[in-house]
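Following the UniProt record's numbering, the numbering of the sequence shown begins with 1 at its first residue and continues without gaps. Glycine is no exception: its CB is placed at the ideal position from the N, C-alpha and C atoms.
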Amino acid sequence: MMRILIIHNIMWSHYKATVFSELHKQTKKEGLNILVLQTALTGSGQKALSAVDKSIHRYPFELLFDSSFETTTVWERIKKYRYWIKQFKPDIIILPGYIDKAVWILTAMLIFNKIKFIQSSDSTYFDHKRFWLKEQIKYLLLCRAELVFCYGSSQKTYLRSLGIPDRKIWVRVQATNNDRILEKYYEYKAAEEASEKGSAIKFLFVGRFSSEKNVSTLIQAFKLLPNNTQLSLVGEGPEKAGLVELVKKLGLSGRVVFQGSTDWVGVVKFYYYSHVLVLPSLSEIWGLVVNEAMLCHLPVIVSSRCGASGDLVVDGVNGFSFDPENVQELAEKMYYFVDHPEEIERMGSNSAEIISDFTPQKAAGQMTQGIMKVLRSNK
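Right, dumping it as structure tokens:
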């Protein structure tokens with residue numbers, strides 16, 4: 001039986017749990033044995049959002065550090081990775097992205113030892129400031145991969161800009177736990193006590209309150225909307241105090257509500273009782289809250305710098321994309337739904353139709369096809 005070792009950063013990622021669980025089912029049918037190394041339990045950015053639910057990880061895994069990723073060192077991680085490579089003796093290793101310095105070193109080790117690997121690359125051009133030397137090293141490492149897994153068009157464009165040939169780029173959809181989210185959504189919809197959303201147009205942000213999420217721009221844009229609008233901010237993070245101050249300064253305390261954090265299932269309540277999701281990020285690898293909101297029949301207004309915007313947002317069909325540094329443009333996109341409330345239902349239905357093709361089953365199937373392609377080419 002061929003062995004596939006997958007290295008992943010943190011166990012907190014509920015959406016990856018769903019995809020890995022499906023991948024386990026599909027690769028098992030192909031006679032493959034997979035093992036996922038979850039490097040750490042969570043990361044510093046996720047601690048305030050929700051706890052880790054180990055019950056949803058229905059695949060073979062090993063948790064290397066029962067702690068936050070940031071409390072581990074590069075060499076501690078390398079030591080663990082090397083141990084499990086020696087123990088498991090994989091035919092292929094699937095690596096996480098280069099945000100982890102240990103992955104750069106591990107990739108070089110795999111190349112030196114002639115161990116075949118598939119590289120995952122979540123990056124888009126806007127994720128970080130780009131440095132020529134670093135990009136050249138990344139190109140040299142990626143070229144030695146059998147394949148490069150990526151999420152969508154923004155990631156593929158970035159890989160092409162590095163010089164990675166199309167034959168090595170393997171796109172798979174980005175998906176969340178669609179079934180669980182839809183189950184909760186329809187529970188709210190069917191509940192007899194469920195109240196109407198009301199006449200005020202309710203905008204929603206879900207995410208971490210950090211600089212790259214650009215929530216201050218959303219609040220400034222919201223200030224330009226009429227008084228019969230509301231904004232809910234769901235999340236926690238280091239910039240919360242400053243955002244609370246900004247809301248007070250702009251006189252929006254009665255219209256902007258900080259809802260606190262919730263887990264990925266509890267957030268469905270906020271999707272159900274809102275009209276439009278807004279994601280104003282300056283940098284966002286994908287933006288799975290867009291998937292979640294679309295599953296819950298919401299139109300979406302998404303920053304053009306979010307990885308999801310090119311694949312999930314069709315302007316005028318299920319929402320709009322915008323320049324996240326342009327407050328006026330964002331306000332205009334939001335104002336559209338104030339002026340045309342009848343469009344909310346139409347665009348929300350279009351969202352649900354578009355996102356129906358972005359499933360964990362499809363993501364796992366595409367990954368399985370990529371793995372099988374590599375295995376067959378090496379026979």
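With a 10 Å radius around the Cβ and a threshold of 16 neighbouring Cβ atoms, Lys134 comes out exposed. Nearest Cα to Ile355 within the set Ile34, Asn318, Glu329: Asn318.
Put simply, the backbone Cα of Ser349 is about 22 Å away from that of Trp286. Between the stretch 315 to 331 and the stretch 294 to 302, the count of C-beta pairs closer than 8 Å reaches three or more; the two stretches touch. The beta carbons of Thr42 and Lys80 sit no closer together than 9 Å. Asn214 is not a Cβ neighbour of Ile99, given a cutoff of 9 Å.
In the DSSP assignment, Lys129 falls outside any alpha helix (DSSP H), carrying neither H nor E. Taking 9 Å as the cut-off, the beta carbon of Pro280 is found closer than this to the beta carbon of Leu218. Ala40 carries a strand assignment under DSSP once its states are collapsed to helix, strand and coil. Here Gln119 is near Leu147, since their CB atoms are less than 9 Å apart. A contact between stretches requires three or more CB pairs, one per stretch, nearer than 8 Å, and the stretch 245 to 256 fails this requirement with the stretch 357 to 377.
Per DSSP, the continuous alpha helix (DSSP H) segment holding Asn350 begins and ends at 343 to 355. Annotation: Ile344 to Gln26 spans about 38 Å, alpha carbon to alpha carbon. Residue ranges of uninterrupted alpha helix (DSSP H) with 4 or more members, entirely inside the stretch 210 to 253 and ordered along the chain, are 215 to 223, 240 to 249. A Cβ-Cβ contact shorter than 9 Å links Phe337 with His275. Phe322 is bridged by DSSP to Ser303. In this structure, DSSP gives Phe117 an extended state, which the three-state scheme calls strand.
9 Å or more divides the Cβ of Ala108 from the Cβ of Leu142.
Here the C-alpha atom of Glu187 lies approximately 48 Å from the C-alpha atom of Tyr139. Per DSSP, reduced to three states, the secondary structure at Lys362 is helical. Annotated three-state conformation of Ser283 is coil, per DSSP.
Residue burial is scored here from C-beta neighbours: Lys156 has at least 16 other C-beta atoms within 10 angstroms and is therefore classed as buried. Bridge pairing for Ile4: Ile34, Ile92 [DSSP].
By the Cβ neighbour-count rule, Lys249 is exposed, with fewer than 16 other Cβ atoms within 10 Å of its own. Contact annotation: Val290 and Leu330 have beta-carbon atoms that are not nearer than 9 Å.
For Ile201, the uninterrupted beta strand (DSSP E) segment begins and ends at 201 to 206. Take the alpha-carbon of His128 and the one of Ser121: they are about 14 Å apart. Taking 9 Å as the cut-off, the Cβ atoms of Ser211 and Glu245 do not count as close. Between the alpha carbons of Ile94 and Ile6 lies a gap of roughly 5 Å.
Look at Asn177 here: in three-state DSSP terms it is coil, with no helix or strand label.
Linking Thr368 to Tyr151 through their CA atoms gives a straight-line distance of about 15 Å.
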